[in-house]
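Peer 1: Next up is a structure, given as structure tokens.
Number of protein chains: 4
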Amino acid sequence: MAPRTLQIACAGLGRMGKRHALNLLHRSPRSTLVAAFTPDPVEVEWAETNLVPYGVTIYSDYDALLAHPGLEAVLVSTITTVHAEQSIKAIEAGKHVLCEKPLSTDAEICQSVADAATLHPELKVMCGFSRRFDTSYRDAYSKASSGLIGTPSIIRSQTCDKIDPTGAFVNFAATSGGIFCDCSVHDIDLILWFFGASSKVKSVVASGTVSLHPELKAYGDADNAVGIIEFYGGRVAYLYCSRMMAAGQEDTTEIIGPEGKLVVNGQAQKNLVGIFDRTGARRELPAHYYERFEGAFVEEVNEFAEACLDGKELPMGIQGAVEAVRIARALQDSLVSGEKVRFGEDGRRV
Amino acid sequence: MAPRTLQIACAGLGRMGKRHALNLLHRSPRSTLVAAFTPDPVEVEWAETNLVPYGVTIYSDYDALLAHPGLEAVLVSTITTVHAEQSIKAIEAGKHVLCEKPLSTDAEICQSVADAATLHPELKVMCGFSRRFDTSYRDAYSKASSGLIGTPSIIRSQTCDKIDPTGAFVNFAATSGGIFCDCSVHDIDLILWFFGASSKVKSVVASGTVSLHPELKAYGDADNAVGIIEFYGGRVAYLYCSRMMAAGQEDTTEIIGPEGKLVVNGQAQKNLVGIFDRTGARRELPAHYYERFEGAFVEEVNEFAEACLDGKELPMGIQGAVEAVRIARALQDSLVSGEKVRFGEDGRRV
Amino acid sequence: MAPRTLQIACAGLGRMGKRHALNLLHRSPRSTLVAAFTPDPVEVEWAETNLVPYGVTIYSDYDALLAHPGLEAVLVSTITTVHAEQSIKAIEAGKHVLCEKPLSTDAEICQSVADAATLHPELKVMCGFSRRFDTSYRDAYSKASSGLIGTPSIIRSQTCDKIDPTGAFVNFAATSGGIFCDCSVHDIDLILWFFGASSKVKSVVASGTVSLHPELKAYGDADNAVGIIEFYGGRVAYLYCSRMMAAGQEDTTEIIGPEGKLVVNGQAQKNLVGIFDRTGARRELPAHYYERFEGAFVEEVNEFAEACLDGKELPMGIQGAVEAVRIARALQDSLVSGEKVRFGEDGRRV
Amino acid sequence: MAPRTLQIACAGLGRMGKRHALNLLHRSPRSTLVAAFTPDPVEVEWAETNLVPYGVTIYSDYDALLAHPGLEAVLVSTITTVHAEQSIKAIEAGKHVLCEKPLSTDAEICQSVADAATLHPELKVMCGFSRRFDTSYRDAYSKASSGLIGTPSIIRSQTCDKIDPTGAFVNFAATSGGIFCDCSVHDIDLILWFFGASSKVKSVVASGTVSLHPELKAYGDADNAVGIIEFYGGRVAYLYCSRMMAAGQEDTTEIIGPEGKLVVNGQAQKNLVGIFDRTGARRELPAHYYERFEGAFVEEVNEFAEACLDGKELPMGIQGAVEAVRIARALQDSLVSGEKVRFGEDGRRV
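And the structure:
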């Protein structure tokens, strides 16, 4: 008999929800997608064609989904504003939870998810920072852990999206939490990973520009921003996030220590093709984050299933996901106020 | 009800057979691995753990495998010497066939597989030149087809393995057909793809060295070899194959035309990590072909399944696989004799 | 008769002074090195061998140097603390001046040089920001000016030195003005070039670490530092400077606009050699700035001579050199205080 | 008094002659350009402006040039057809000779220069294979010599020119000796350097295409060609030469041994600028060989002067220049005949 698989549901069938559902269905040997939730009729229609034939039950009511017989886990991939509520409900219903990042754009709400998880230590609760599952980041982490570069003291990290001439992110600004919450939260998670989960932020400061969309100002947002994060103990990270990359997605991280440095994605590339023509020698870049991180998303659901089924430890704790949002929010506040935001050693804003 | 899947068996559970079996089991949504064949008790033991729990029946008799109820297709991944016989048997039993490359190291025997396939036009018969399924090669092909570089007239292609200090390939030399048959056959397949399946070889010539293993000479083989292939109509390809790469696998192809050139894997890399230390800035390379082409092998079985189920055309014809071996053999002969091998316009050796 | 050459003297024969003197002697067709100044007996000895045979007169008194018959210009390459005084003296003596960067680590003193130059509009007075003469930076500038990337709004720039295990820069900290004055002043000059000389700084903020040399703290200095510069009108630059690069010198600049970005030295390299061995594929990096910018230093003295002889405009004004130090000082102050430093639209610190 | 300089003349003031003359004049501290020869009135006019003001005497008669008072050396940079005659005359007149490559397109004529040089061991006679003076090739040679890659057994080398839409090289075909003599002779020289001057060629074979200019066939030439060179003792080199590179000059060499490989110019680049725009990330390439090798040409005349003045050994012997042409000619013959050309161990064609 085939090994038991994790009976999992996917909440939300938007752009990323669809990808998650298909990954669970076809690329996650230890998961069985048994149900999906969406209130959207267009998404239901998509599910009729793509999920239902495989025995997936579709729910338009989230509580009904949670009541699906035998359900063990939920992948929450709805809009950010309901991530926390749905995660907590699932936890309280005794389900393992893999929630898309961020848990919330509000650090307190994030904390409420972590608190719910703490009350249910028997459940696996993870926020999906997909880069932690990327082979290149993992290789870099393994090399850093082995001492290859000494103790790292400086990290540069950027999340830079290809320019979207439709400016869709402007509409998104109202709920995204801003560019630091939406983009840099990944970099902050990586920084906490490489500097260590116990790193204590001391201050953050940020600046930005609205090069493309002046209307972003109304949301306290920017289309390009940079920030500095100081940690107690003398480590510093600096960030760049952008919606303005002409060539494509460019998510680059440098971890720098006295013995050397590790660079992840220093030469962004779509694939291994070089094109030589009258304009020179060029390569294409990924069009978006999924083109860059598709493999990591697949690995993520696989390892989540494995952790749930075998009781293994998850590769990262839920508290880090709270901390990442807390730092991102402070950066976003600094972007608006122009002021440095300081934290005490107890972790509270001064 | 979930869409019907292809009922497929895997013949051979050696290094590559294991990978194929697992890909069919876990990463090929439209295939169901129902059976596997291996005469090797150690491989049977592996199958007991890894395949049997998923409902796969293991056979130590190939004819019994073919008689498995409901079987529709066979992936032949045994040793090269039985590829042709098993493929023909499967074809004659009415099964679709995906055979690992090469069909045989003997062009006549290859042809016998193609002949069997011709007699069964209702069956899909494919030789697994995995690079045809690699996203980078496909992107390059698509760009070349769109006219980006004009009509290509020169191709450089190399298949270069990481050095294996155990010299395992020396033992393999007796049955591999030699370095051109084992390694360059991939490059030749690519050349026939980019130059067009109707390209007619005019001559080949080759030279090699035994830098590492003088005992290869006894097999008419080399550990490094270069070759030139001339085609009627004025196109030229040149090859390098090696067992001696210190840094890792380096399979590179350049397609050159008057408007530009396309390079696939001009900068071999294991992943996207850059390492800066006292020795400079470096990247690691893939350790072997599977690290480089894993995704292509998965795509290969998926597209094969799709073609069988939906009656779609395969991305390449079986006759090309015969031609590739014919050219590889001629190069190997030239390596031994030191003579240029010429072909008439009718395709026969002069 | 050969065209008239510029009769020039070199003040200071330290590490960089020697290089300048030899460049003037052997690689600057329109200059004639007629004199040199150094108070150091060891440097005089070097000059006896390397300069005197070519007819160069050596002075241990700077005023005597200025009185050298027929002298037209002085290249000031002494220690930073006397740059301004010697430059002003030379200007007042009616000599053209090319002064090594920075004019001073004090912005007021820098301004006094600019003021002296203003009183002598017939003289060419330039601060040697060598990167302005580097072919790659010039190519990037030319491309940016042509509108290739739209109006740039973000610049990232770093000056990162190879780690020096002797920690010589610690002793240097007392007079260097700190890491922003010593290293980042180059980046700031580039930023003023690419954003335009009329850019008005609005604020700066900085953070740093003392990863290697805790004793730097006593000097208000760091061995790694990052900073953000905001300009009025909505442009932002961010900086990284370091004494800790294991692999070598890495001076990289990205100029980012809505239509694209230009990267200078994104892949630092000593030369065009790739090394493939058991550790992977690597390149070496320049060991220091002169290995990277040697050609720019030669071009610098050549263009300076040309400007003096032919009355051509210099590629950059002296006021920019004052501004660069003013910004560098503010960053250094922020590094120490942890406070953001703000400037009014009139250019004064708030 | 300034050290004595080499009194040198430049014969020929064509495209390359002009560059040599200016390098001797302005960038070669130990040379004094005292005279130049050209029969061409347009070139004389250029010399009036650019050389005569510096005291250079212009001759339209080569014998008169050789009689220039105090002349010690001649740089022969006329058309290839007179290289040998002028070199021999200069040698017989007791002058050191630096002759542009090739000495002749005929190996026997090349040998006559070497023979003349042998009769005058007191003179320095060198054929200008400029790549020997390139810092990257030298670094690779130094690394190979230190044993970094073990004993190299395979070399790949290519000389590929940017496409010239005017097809000027077609007219040049009549006197160039063909693409192997014109382009690959550089690669052959490098191969003899890296494999060792005592390497004995065993056979060569070549193929080519006329992708752009069918009229080349009349000259026994091609616009793209590949070749294999076998050496006694088991080493192999393979070549590619082309007039068809859309993106620019691409001269690449790989030296491959059992411990690793060295690649020179694996990523051809004009400078250190990366351009990111809607088409991806690209770099520009050198437009021609001088853009790539300018520094090597300067170094070449400097080291030649040094050898002449100080009696130092030249970095390469004249006999190698004969051997390189002999191999190039054999490749060109093979290109036309389609036959392999073999050599006995005594060095004679079989």
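Those protein sequence lines, which keep their order, are chains A, B, C and D.
Per the working numbering, the very first residue in the first sequence carries number 91; after that it's consecutive.
Per the working numbering, the very first residue in the second sequence carries number 91; after that it's consecutive.
Per the working numbering, the very first residue in the third sequence carries number 91; after that it's consecutive.
Per the working numbering, the very first residue in the fourth sequence carries number 91; after that it's consecutive.
We treat Cβ as the ideally placed atom computed from N, Cα and C, and that holds for glycine.
Can you tell me where the beta strand (DSSP E) with C:Gln357 in it begins and where it stops?
Peer 2: Where C:Gln357 is concerned, there is no enclosing beta strand (DSSP E), given that its DSSP letter is neither H nor E.
Peer 1: Note down, in chain order, each residue of its chain lying with its Cβ closer than 7 Å to the Cβ of B:Asp311, except the 5 sequence neighbours on either side.
Peer 2: Ala263, Gly268 and Ile269.
Peer 1: Just the chain C side, please: which residues come within less than 8 Å of B:Arg368 by C-beta, in chain order?
Peer 2: Ala336 and Ala337
Peer 1: Which stretch, first to last residue, makes up the beta strand (DSSP E) that contains D:Thr441?
Peer 2: Residue 441 of chain D lies beyond the stretch modelled for chain D, which goes from 91 to 440, so this question has no answer here.
Peer 1: Taking the straight line between their C-alpha atoms, what separation do you get for A:Gly160 and B:Asp151?
Peer 2: Between A:Gly160 and B:Asp151, the C-alpha separation is close to 41 Å.
Peer 1: Does DSSP put A:Tyr322 in a helix, a strand or coil?
Peer 2: For A:Tyr322, the three-state secondary structure derived from DSSP is coil.
Peer 1: Rounded to the nearest angstrom, how far is the Cβ of B:Thr241 from that of B:Gly350, given a contact under 8 Å?
Peer 2: Not a contact, Cβ separation roughly 12 Å.
Peer 1: A:Ser247 lies in the beta strand (DSSP E); which residues open and close that run?
Peer 2: Element bounds for A:Ser247: Ile244 to Lys252.
Peer 1: Answer yes or no: does any C-beta atom of chain C fall closer than 8 Å to that of D:Pro93?
Peer 2: yes
Peer 1: Along chain C, in chain order, which residues have C-beta atoms closer than 7 Å to that of B:Ala377?
Peer 2: Result: empty, since nearest Cβ-Cβ is about 11 Å, beyond 7 Å.
Peer 1: Closer than 6 Å by C-beta to B:Glu133: which residues in its own chain qualify, once you throw out the five before and the five after it? Chain order, please.
Peer 2: Only Leu103 meet the Cβ criterion.
Peer 1: Between A:Asp254 and C:Lys430, what straight-line distance do the alpha-carbon atoms span, to the nearest angstrom?
Peer 2: 33 Å
Peer 1: Candidates B:Leu188, B:Ala414 and B:Pro376: which alpha carbon is nearest B:Ala111's?
Peer 2: B:Leu188
Peer 1: Considering D:Asp341, what are the terminal residues of the beta strand (DSSP E) in which it resides?
Peer 2: Glu340 to Gly347
Peer 1: Taking just the CA atoms, how far does B:Glu182 sit from B:Arg419?
Peer 2: 27 Å
Peer 1: Between the C-alpha atoms of C:Leu115 and C:Thr95, what's the straight-line distance to the nearest angstrom?
Peer 2: 12 Å
Peer 1: What is the rounded straight-line gap between the Cα of A:Val363 and the Cα of A:Glu381?
Peer 2: 15 Å
Peer 1: Kindly list the residues whose CB is nearer than 7 Å to the CB of C:Ile109, restricted to its own chain and excluding five residues on each side of it in sequence; keep chain order.
Peer 2: Per the sequence shown, the amino acid found at residue 109 of chain C is Arg instead of Ile. In its chain, beyond the 5 residues on either side, Tyr380 and Phe387 have a beta carbon closer than 7 Å to the beta carbon of C:Arg109.
Peer 1: Quick one: which unbroken alpha helix (DSSP H) runs of 4-plus residues sit fully inside the segment 382 to 437 of chain B? Chain order, please.
Peer 2: Counting only runs of 4 or more, we get 408 to 427.
Peer 1: Could you check where the beta strand (DSSP E) with A:Ala206 kicks off and where it finishes?
Peer 2: Looking at the DSSP string, A:Ala206 is not in any beta strand (DSSP E); the run it does join, the alpha helix (DSSP H), is Ala197 to Leu209.
Peer 1: Could you check the C-alpha separation between B:Val415 and D:Leu425 for me, to the nearest Å?
Peer 2: Each residue's Cα considered, the two are about 26 Å apart.
Peer 1: Among residues of its own chain, excluding the 5 on either side of B:Glu389, which ones have a beta-carbon nearer than 7 Å to its beta-carbon?
Peer 2: Taken in chain order, the residues that qualify are Phe223.
Peer 1: Just how far apart, CA to CA, sit D:Val295 and C:Lys252?
Peer 2: 48 Å
Peer 1: Throw me the rounded Cβ distance for the C:Ala197 and C:Ile345 pair, which I believe falls under 8 Å.
Peer 2: Incorrect: roughly 25 Å between the Cβ atoms, too far for contact.
Peer 1: Quick one: grab the DSSP three-state call for B:Leu282.
Peer 2: Helix.
Peer 1: With 8 Å set as the bound, which would you pick, yes or no: does the beta-carbon of D:Glu374 sit closer than that to a beta-carbon of chain A?
Peer 2: yes
Peer 1: Who are the near neighbours of D:Phe433 in its chain, counting only those whose CB is closer than 7 Å to its CB and skipping five residues on each side?
Peer 2: Val291, Lys292, Ser293, Arg439 and Val440
Peer 1: On the CB-based measure, 16 or more other CB atoms within 10 Å of its CB, does D:Ile445 come out buried or exposed?
Peer 2: The shown model of chain D, from 91 to 440, leaves out residue 445 of chain D, and the question about it has no answer.
Peer 1: Just tell me which of C:Val300, C:Phe321, C:Glu320 and C:Ile319 has its CA closest to the CA of C:Asp313.
Peer 2: C:Val300
Peer 1: Going by DSSP in three states, A:Arg109 sits in which element: helix, strand or coil?
Peer 2: helix
Peer 1: In whole angstroms, what is the alpha-carbon distance linking A:Cys217 and A:Glu403?
Peer 2: 14 Å
Peer 1: Quick one: residues in its chain with C-beta nearer than 6 Å to the C-beta of A:Tyr328, no 5 flanking neighbours on either side, listed in chain order?
Peer 2: Excluding sequence neighbours, A:Tyr328 sits near Arg246 and Ile318.
Peer 1: Three-state secondary structure (DSSP) at A:Glu212?
Peer 2: coil
Peer 1: In the DSSP assignment, find the unbroken beta strand (DSSP E) run with C:Phe127 in it and report its ends.
Peer 2: Ser121 to Phe127
Peer 1: Shorter than 8 Å from the beta carbon of D:Ala312 to some beta carbon of chain C?
Peer 2: no
Peer 1: What residues from chain D crowd round B:Glu320, counting only those whose CB sits closer than 7 Å?
Peer 2: Ser297
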